[in-house]
Structures are given as C-alpha cells and as structure tokens.
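K.L.:
First residue of the sequence shown? That's 31 in my numbering, and the numbers climb one at a time after it.
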Amino acid sequence: MIQVEILPITAAMIQSFPCCGRMLRYADLSAAALAAGRDIHAYPYVIRVLLENLLRHRAWGAAVSEEEIGRLWDWRAHPGADLPLYVARVILPDSSGLPVLQDLAALRDAVAQAGGDAARVDTRIPVDLIVDHSLQVDHWGDEGAVQRNLRREFERNEERYRFLKWAQQAYKGLRVITPGIGIIHQVNLEYLAPVVARQSRSDGDWAYPDFVIGGDSHTPMVNALGVLGWGVGGIDAEAALLGHAYTFPIPEVVGVRLRGAIKAPALTTDAALLITQQLRAAGVVGCMVEFFGPAVPALSVPERATIANMAPEYGATCGFFPIDGRTLDYARLTGRGDEQLALIEAYARANSLWRDADEAAPTYSRVIEIDLSAASPSVAGPRRPQDRMDVGEVAADFRRRLGQPLAEGGFGMDAAALAAHPPSRAALGHGSVALAAITSCTNTSNPGVMLAAGLVAEKALALGLRPPAWVKRSLAPGSRAVTRYLESAGLLQALQAQGFHVIGYGCTTCGGKSGPLDTAAADAITEGGLVAAAVLSGNRNFEGRIHKLLRANYIGSPAMVVLYALAGRMDLDFEREPLGPGADGAPVYLRDVWPSQEEIAALLPLAADPALFAEVYDPANLDSAIWHDLPAPSGLRFPWDPESQYLVEPPFFKTEPGRDALADLEASLARGRVLAAFGDSLTTDHISPSGEIPEDTPAGAYLIAKGVAPRDFNTYVARRCNHHVMTRATFANIRIKNSLVPGVEGGVTRHFPDGQDMAVVDAAEAYRAEGVASVILGGKDYGMGSSRDWAAKGSALLGVRAVIAESFERIHRANLVGMGVLPLTFAPGEGWRQLGLTGAEALRFENVANGVLEGEPVTVIAADGKRRIVFQVHAQVLTHAERKLMAEGGIPASVLNGFLNDTAAAHAAPC
C-alpha cells in the first residue's frame with residue numbers, strides 16, 4: 031500500500047506579494063513543494079492549480095484534509111482519489127441555468143415547508159448566466175433579421191425570462207447577461223474571466239487562480255486564457271453554487287506536445303479537427319489535457335480557444351494552456367485594465383503559474399505528439415466531430431454512405447432512390463447543402479478564420495459566383511465584436527451579398543436552433559426522401575441535432591461553410607471540380623477564392639482594437655430596453671403558476687427525507703427489464719434532444735393535449751423547466767436507434783414479456799406499474815456530447831435505476847450518479863452484444879450495495895425462460911462523495927437533507 035506523506039499547512043506556505051498598491055496573500059506552491067520535498071516545476075500546471083485550491087481552502091478552514099493534499103502531491107500514484115475542490119465561480123447558459131435556478135426555487139419551497147429558513151438557499155459564489163441558447167434562426171437573408179429574431183425570441187420565452195428577472199433579485203450572487211449579447215464561452219473569454227481573482231477576508235486580501243465550472247460542456251474554451259475550467263451537469267453546478275465542495279477524482283494528466291505550424295491553406299479550425307481526431311483515437315476520455323511544446327508560444331489566445339473548445343469532442347475534461355505572454359496580450363486587448371493585467375502577471379510569476387517559452391516540460395502521465403503542419407483543409411462528419419476528412423475525401427465518402435446500410439454508418443438508400451434524385455447544382459438531390467451556418471463560439475471567437483470566410487465571400491462575389499437559392503445561410507457570431515471588425519474590414523458587406531446576414535448573437539444552429547429551411551427545399555427533401563446536408567462552423571453534428579430533415583451534417587471552418595454554400599452540394603471534389611460558374615460562365619475553383627495567409631494577416635489588426643471591445647462590453651450596452659421593460663415578480667419565493675407549461679415546479683425535492691436510497695435501489699434491481707439497448711457513441715443529444723419538438727412525439731402530443739399549438743411548441747431547451755415534457759422527450763430523438771426495435775428510428779421500444787412495441791415513456795410507465803426497474807444497455811462512450819443534465823434527470827424520472835455500458839463519458843456518468851441512477855460497466859472485452867443478450871431477458875442484480883460502497887463486482891443474472899446468462903459488472907461510482915450521493919439518492923436529496931438537518935439542529939439547540 032502506498033503511504034501518503036501528510037504535512038501540515040505552515041505559515042511559510044502563506045506568502046504575500048505587492049500589487050495594485052496593497053499586499054496580497056496567496057498559498058505559495060513553491061514553499062509548499064519545498065516543505066514536501068518536491069519540485070513544483072515537475073508538476074503539470076493543472077495539478078498546480080488543484081494543489082493551490084486545496085492548500086488555500088485548508089488555510090481558510092474548509093474541510094480539506096492534509097491526507098487529501100498529500101495524495102495530490104503524489105497524483106500519479108492515486109488516480110481517482112477524492113479532491114474536495116471549491117470553485118471560484120459558476121457559469122451557466124440559459125439552457126441549463128434556468129433549470130438550476132428553478133431547482134433552487136423549489137428547494138426554497140421545500141425548506142420553508144419543513145419549517146426552515148428559505149433565505150438560506152442562496153448562491154454562495156459568483157454565478158453568471160448568459161442567455162444564448164434560446165435564439166432561433168426564424169428570419170434570415172436581410173439586415174432586419176437580428177431585430178426580428180430577437181423580438182421573436184422574447185415572444186416565445188417571455189415567461190422564462192420573467193423567471194430569470196425574478197431570479198436576478200432573488201439570488202444575491204447571480205448576474206444575468208441578457209439576450210442578444212453573445213455566446214456564453216466567447217463572452218467568458220472576452221469579458222467575464224478575470225484569470226486571477228481577489229477576495230477580501232478578515233485575515234487580509236487574497237489572490238488566487240480563477241477556477242470555473244460551467245453548465246455547458248464547452249466551458250474549457252476559457253482554458254485558452256490559462257483559466258482552469260470544465261463542463262459539468264447542472265446538478266453538479268447546483269451543489270457548487272450553494273457552497274458545497276465539488277468533489278472530483280484525481281485525474282490522469284496527458285501532455286500534448288504541439289510542434290510545427292499551421293500551413294496554408296489550412297486554418298486553425300483544421301488544426302483543431304486534426305487534434306480532435308488524434309486525441310479521441312489516443313483515448314483521453316476523462317483525462318486533463320495540457321498543451322505544451324514549441325508550437326504553443328506562437329498560438330494566439332483565439333487560436334488556443336478554438337482548440338480548447340473542442341475538449342469535449344476529444345473527450346477530455348479540459349484542454350489547458352498555462353498563463354503566458356499571450357494571455358496578457360489578449361487580456362489587454364479585451365479591456366481587462368492595467369490593474370488586472372498587473373495582478374495576472376505578478377501573481378502567476380510569484381506562484382509558479384507563469385509559463386516561459388523556454389522552460390522544461392513538466393512530468394505528465396503520458397505525452398502525445400501532434401504536428402500542426404499536418405493539418406489540411408478538412409471537415410468532420412456526417413455524424414460525429416471526431417470523424418475528420420480532408421476535403422478531397424468528402425465526395426467519395428458521401429457517395430459511399432448513400433447506399434450503405436444504416437447499421438454500418440450509411441444512409442440506407444436503394445438504387446432506385448439514388449437514381450431518382452442524383453446530386454446536382456441545378457436542382458435539389460441527394461447531397462444538396464440545404465443549410466450553411468457560420469455559428470458557434472468555437473470559430474467565431476477566432477478572427478483569423480472569420481476574416482478568411484469574409485475573403486472567400488468577397489472573392490466569389492467578384493467572380494459572380496453565388497450560392498443556389500435553396501441554401502439557407504446565416505451568420506450568428508458569439509460576440510458583437512465580430513460584426514464590428516468584419517464591417518471595418520469591408521467583408522460584412524460581401525458576406526451579406528452572399529446571403530450570410532447576421533441573424534443574432536447566440537448558439538443557434540450549433541445547438542439545434544436552426545429554424546425552418548427554405549420552404550421549397552423542405553418540401554423537396556420531404557417528398558423525395560432526400561439525404562440533404564448541413565455545413566456549420568460549430569462543434570457538434572450529431573444526428574438529429576442540427577435539423578430534423580437533414581441527415582448529413584458536417585463541421586468545418588467558416589470559410590469552408592461559405593465554400594459549400596457556394597457549391598450547393600457535398601459530393602463535390604474541390605480538387606478537380608469547380609464550385610460553379612462565374613458571371614462569365616467560366617468555372618470557378620476553390621483555388622480562385624481561397625485567401626492567402628498574407629491577405630488574412632493584413633486584416634487581423636482590425637480585430638485587435640481595444641476600443642472595439644470597450645464599446646461592446648460597456649455596461650451601458652449590456653442591457654436592452656426590451657429586457658428592462660419586461661415585468662417580473664419579486665420576493666424570496668417564486669409564485670408558481672399551476673397553468674404554466676414552461677415553469678412547472680420540479681419533483682426532485684419531494685423525496686422522503688432520510689430514506690435509505692441504496693437499500694431501495696438494491697431492492698428495485700431485484701426485478702429489472704431492459705427499457706432500451708444501444709450501440710456505441712450514444713450521445714446526450716440522443717437521450718435528451720435540444721431542438722424542435724415534433725408533433726408526432728410523446729412530448730408534442732402532451733403539449734397539444736394541454737392546449738399548446740404546434741407553432742408555440744418552442745424547443746426542448748425552452749421546455750426544460752417542464753419535467754412532464756422532458757420525461758417524454760427522454761430517449762426520443764428522431765434519429766435514435768434502439769436495438770430492441772431494429773430498423774426503426776425514434777423513441778420506440780419493445781415491452782417485455784409481451785413483446786409489444788410502444789413509446790419509451792409508455793413502456794417505462796408500464797414497468798413502473800408492474801414494480802419492475804428499467805435498465806438501459808449501452809456500448810462504448812455512452813453519454814458523449816453535451817453536459818446535459820436532463821439526459822440523467824429524464825432517465826431517473828422514467829424509472830431507470832441502472833445503465834450498463836462498455837464505457838461512459840465523464841460528465842454524463844457524473845450526472846447519472848447525481849440523480850441516483852447507477853452507472854455500471856461490463857468487464858473489459860465484454861458488452862451486451864458480446865454476451866449474447868437480446869434485451870428480452872428479465873434481470874436480477876446481486877451485491878448492489880457492496881458494489882457501490884466497496885467497489886465489489888455486481889452480479890447480473892439475465893434469463894428469458896430458455897437461457898440464463900450470468901455476468902459481472904462494476905459500479906462507476908468513483909469517489910467517496912459519489913458513494914455518499916448514491917446512498918442518499920442523488921444531489922437533490924443530499925442537498926435537501928443538508929438543509930433539513932441544519933434546521934433540525936437549530937431547533938434542537940438550547941436558547
């Protein structure tokens with residue numbers, strides 16, 4: 031057994047440095063390392079940030095043990111050990127943020143009804159909520175689209191926004207960035223993140239690293255600034271903002287050595303897709319990735335941000351770039367102020383968190399080397415962001431997939447269907463691009479790739495080449511700064527002339543809010559059963575996410591989006607075929623419109639004007655009249671409207687206090703049935719879709735029964751505060767493929783033992799009535815994608831008690847634990863298909879409690895009357911805190927019990 035050296039926090043470990051006219055205290059990593067007999071420079075920067083967090087909070091009197099700090103000094107010897115972290119702040123998009131605030135409102139009610147003080151349910155650390163996930167592309171193609179889309183957004187979401195305005199006055203630590211400002215991660219990068227934070231305490235003023243968790247999986251984008259942060263589910267965020275320790279297992283830290291340079295004609299997006307492909311193949315799921323090497327000093331913060339933003343796509347917890355001179359350059363550009371700049375540099379240098387270009391690399395768990403010069407113009411698709419292809423390979427790959435069976439990753443078209451609608455620039459057919467969207471903070475935060483898109487549009491315009499009319503085009507930047515510098519460069523006009531008008535500032539198409547297609551295109555796709563395509567500069571292209579009619583979805587740079595819009599089809603070989611004819615009838619090729627690096631570089635100074643960011647983030651410009659004039663309730667507790675179909679009091683805090691949840695789980699799993707069985711790479715989009723709500727789904731039927739017209743359905747994101755809708759949406763993505771009903775797409779399953787096909791929600795209700803626990807079977811990478819806590823909440827409300835998969839993505843596994851759903855993995859090399867399970871079997875689980883609490887194997891007996899299959903699985907409950915959560919029934923029950931116990935103790939205390 032490895033011995034942990036325990037060292038007390040001494041006065042020598044708390045030092046001070048002068049900055050900004052005062053002395054600032056800090057937990058000195060070098061002094062602590064010296065006391066432990068270690069060299070701090072051997073430690074990855076992410077481990078240094080985690081060490082500082084434990085040391086400082088131990089000094090502040092938090093429940094951090096010396097043993098926990100000792101394990102982190104020996105981090106490679108203690109993978110998975112508990113780290114009780116205290117984050118500096120929480121950041122939330124409205125998509126996950128409104129359900130978080132709704133849960134807090136319900137928690138206040140539960141505490142008050144139990145005789146406690148509801149006012150104690152409040153945010154304990156700063157919380158920023160950015161409204162960016164509700165904007166839809168209803169209007170496009172003209173200069174008035176921005177205002178019309180914003181007005182429509184407020185019309186649809188007025189009730190939700192009234193609740194947000196109530197929350198602004200109800201929770202003291204909450205700041206709301208209102209609709210129309212930008213996308214959460216770009217606003218975080220450009221405006222919110224301080225990089226180094228300060229706090230005044232009774233023992234003096236302290237400085238410490240900004241450390242953020244966010245209710246969106248792309249929170250690691252801020253890693254580009256040297257800020258450690260990652261995505262969590264909203265249920266984890268709830269606990270952290272209430273002041274609870276955020277318990278995280280000691281990670282594997284993978285060093286990624288970047289060498290070479292991005293060479294023309296490749297852009298940063300192409301390098302990010304290459305990194306995503308290689309890191310996903312190398313297996314970094316759940317790891318912390320830290321970038322170093324000779325290529326890093328030359329990468330600007332926007333370039334680093336494009337790479338860091340893709341961390342969820344390569345499966346990592348974060349994609350970290352330590353603080354260096356580039357951090358200061360960007361902080362200065364974006365208006366952090368001289369005092370904050372001085373603080374960042376002085377603190378980072380004093381506390382071994384500053385990286386110099388020539389310093390030796392730390393020691394990592396392993397090192398992966400990537401050559402940036404290997405990047406080439408590329409796209410990823412048609413269903414996953416890690417499936418990168420050089421553009422020269424896309425046409426052949428698409429043609430091959432057209433006739434390939436669905437089970438093999440194809441589109442299952444027969445020869446007659448292919449012959450009836452061949453790809454063409456003259457008319458809609460298979461492979462036609464129906465949607466082209468420059469969207470997502472991943473790329474719109476990067477001036478280099480945005481200017482390249484403008485130059486492509488300008489060059490094509492000069493040659494008289496325009497996209498076919500059926501292509502819906504939109505430009506949705508993550509910040510109003512983008513519009514300003516494109517306009518200064520004279521390129522906004524060219525993009526508009528090519529149909530890429532600014533339609534608003536939000537996630538839009540990348541988050542499934544693409545809005546309606548061109549009417550004629552939609553009719554042609556539906557009538558012809560066409561495999562049409564979308565091309566977007568986003569980070570996610572999972573099936574069913576972008577638009578319900580588009581079965582092929584490709585991610586590329588903004589310039590690539592413009593190119594495919596001009597071509598109008600995916601099956602085009604850019605190296606040999608023209609994009610189309612110019613004004614004179616002569617063919618126009620990619621080489622005729624692709625900009626040089628020199629052309630892009632000449633325009634970059636226009637995007638590096640501090641006055642631009644000062645104007646965009648002037649406090650006077652962060653509030654809109656439409657938001658200001660919106661009436662909202664006030665007071666400590668929210669007045670629920672029993673008729674509302676948007677804000678329905680959630681059921682998560684109506685559990686029996688003090689119940690033995692683990693005993694209940696074990697008893698329920700004595701009788702289980704498979705609710706659904708899935709293959710590899712099932713995403714949280716599959717489990718809980720985010721886009722439009724089709725009429726012919728259980729969620730759509732429910733809303734119609736409640737008197738909501740289909741025009742007013744809004745999206746699943748907008749209905750996340752209605753658990754009746756969201757439970758019916760679970761496992762109901764229109765493209766989900768449940769192996770219990772082969773050949774069928776959508777939220778359908780088979781109920782056993784009668785073998786009747788029905789909606790997933792109906793089967794779940796039937797099993798609940800029969801006293802049977804629902805179980806999900808999955809393959810590799812179960813729950814990849816967004817940090818969507820509703821994928822776990824919905825599973826729990828359906829009555830799913832366990833999910834058995836070959837492997838889990840980090841965030842969804844934690845979300846399942848947070849909702850009291852048991853994540854289990856098959857033994858290495860096994861899976862439900864390898865074991866010969868069909869899903870028709872009755873299941874009995876043995877040794878569940880010991881499996882959760884002691885890590886012992888859990889035995890599963892599967893029998894269908896003819897066969898009996900016995901196998902072992904292992905609980906993926908990784909820390910002591912998670913084991914405690916499972917015993918209490920999840921985070922909602924744990925948080926409520928904590929408040930009720932405090933109330934009981936206060937009542938029992940003598941006067």
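All C-beta atoms, glycine included, are put in the ideal place defined by N, C-alpha and C.
1) Between Gly536 and Asp715, what straight-line distance do the alpha-carbon atoms span, to the nearest angstrom?
2) Enumerate in chain order the residues of its own chain whose CB-to-CB distance from Ser395 is below 7 Å, with the five nearest sequence positions on each side excluded.
3) How would you label His937, buried or exposed, when you count the other beta carbons within 10 angstroms and need 16 or more for buried?
4) With a floor of 3 residues, list each beta strand (DSSP E) that falls wholly inside the stretch 114-176, ordered by position along the chain.
5) Check whether the Cβ atoms of Asn381 and Tyr56 sit closer than 7 Å, and answer yes or no.
6) Looking at C-beta atoms only, is the number of pairs between the stretch 337-357 and the stretch 250-260 that lie closer than 8 Å three or more?
7) For Gln132, count the other beta carbons within 10 Å of its own beta carbon; 16 or more makes it buried, fewer makes it exposed. Which is it?
8) Where does Arg101 land, buried or exposed, given buried means 16+ other C-beta within 10 angstroms?
9) Could you tell me whether the Cβ atoms of Glu183 and Leu165 are closer together than 7 Å?
10) For Thr685, list the residues DSSP reports as bridge partners.
11) Using only the alpha-carbon positions, how far apart do Asn583 and Arg418 sit?
12) Across the stretch 225-239 and the stretch 374-392, are there enough close Cβ pairs to call them in contact, namely three or more that are closer than 8 Å?
13) Less than 6 Å between C-beta atoms, sequence neighbours within five positions excluded: which residues of the same chain meet that for Arg765?
14) Give the secondary structure of Met600 by DSSP, where H, G and I count as helix, E and B as strand, and everything else as coil.
15) Per DSSP, what kind of secondary structure is Val512 in: helix, strand or coil?
16) Measuring straight from C-alpha to C-alpha, what distance separates Glu438 and Leu432?
17) Out of Leu329, Asp784, Ile160 and Val176, point me to the one whose CA is closest to Ala302's CA.
18) Write down the C-beta distance between Thr745 and Val791 rounded to the nearest angstrom, noting that I regard them as a contact closer than 8 Å.
19) Identify the continuous alpha helix (DSSP H) that holds Asn880 and give its terminal residues.
20) Do Phe929 and Gly146 count as a contact pair if the criterion is CB distance below 7 Å?
21) Run through the stretch 798-861 for me and flag every whole beta strand (DSSP E) of 3 or more residues, listed as ranges in chain order.
22) By Cβ distance, which residues of its chain are closer than 8 Å to Asp172, with the 5 residues on each side in sequence left out?
23) Kindly identify the DSSP beta-bridge partner or partners of Met480.
24) Please report the straight-line C-alpha distance between Arg749 and Arg503, rounded to a whole angstrom.
25) Contact between the stretch 914-925 and the stretch 262-271: three or more CB pairs below 8 Å?
26) Using the Cα positions of Glu82 and Val802, report the straight-line distance between them to the nearest angstrom.
27) Exposed or buried, which one is Met43 when buried takes at least 16 other CB atoms within 10 Å?
28) What are the boundary residues of the alpha helix (DSSP H) that includes Tyr360?
29) What residues match up with Pro963 in a beta bridge as DSSP calls it?
30) I want to see whether chain C comes within less than 7 Å of Trp90, judged by CB atoms only; does it?
31) Can you look up Gly610 in the DSSP assignment and give me helix, strand or coil?
32) For Leu85, collect the residues of the same chain with a Cβ closer than 7 Å to its Cβ; drop the 5 residues on either side in sequence, then sort them by chain order.
33) Considering only DSSP beta bridges, list what Phe2 is partnered with.
34) DSSP three-state call for Gly212: helix, strand or coil?
35) Assign Ala457 to one of two classes, buried (16 or more other C-beta atoms within 10 Å of its C-beta) or exposed (fewer than that).
36) If you measure between the beta carbons of Val257 and Ala294, is that distance less than 7 Å?
P.N.:
Let me lay it out:
1) 19 Å
2) Arg106, Glu282, Val283 and Val284
3) Confidence at His937 is low in this model, with a pLDDT of 49, below 50, so the placement of that residue should be treated as unreliable; the coordinate-derived value is given next. By the 10 Å Cβ count, His937 comes out exposed.
4) 119-123 and 157-160
5) yes
6) yes
7) buried
8) buried
9) yes
10) DSSP, once it has assigned bridges, lists no residue as partnering Thr685.
11) 12 Å
12) yes
13) Glu573, Gly574 and Glu775
14) coil
15) helix
16) 11 Å
17) Leu329
18) Contact flag wrong, Cβ pair sits at about 19 Å.
19) Val878 to Leu883
20) yes
21) 803-807, 830-835 and 852-856
22) His531
23) Bridge partners of Met480: none, in fact.
24) 27 Å
25) yes
26) 48 Å
27) buried
28) Gly355 to Leu363
29) This structure gives no information on residue 963, because the portion of the chain shown stretches from 31 to 941.
30) Going by chain labels, chain C is absent from the structure shown, which holds only one protein chain.
31) strand
32) Ile39, Met43, Ala57, Ala62 and Ile99
33) Any answer about residue 2 is impossible in this case: the structure gives the chain only from 31 up to 941.
34) strand
35) exposed
36) no
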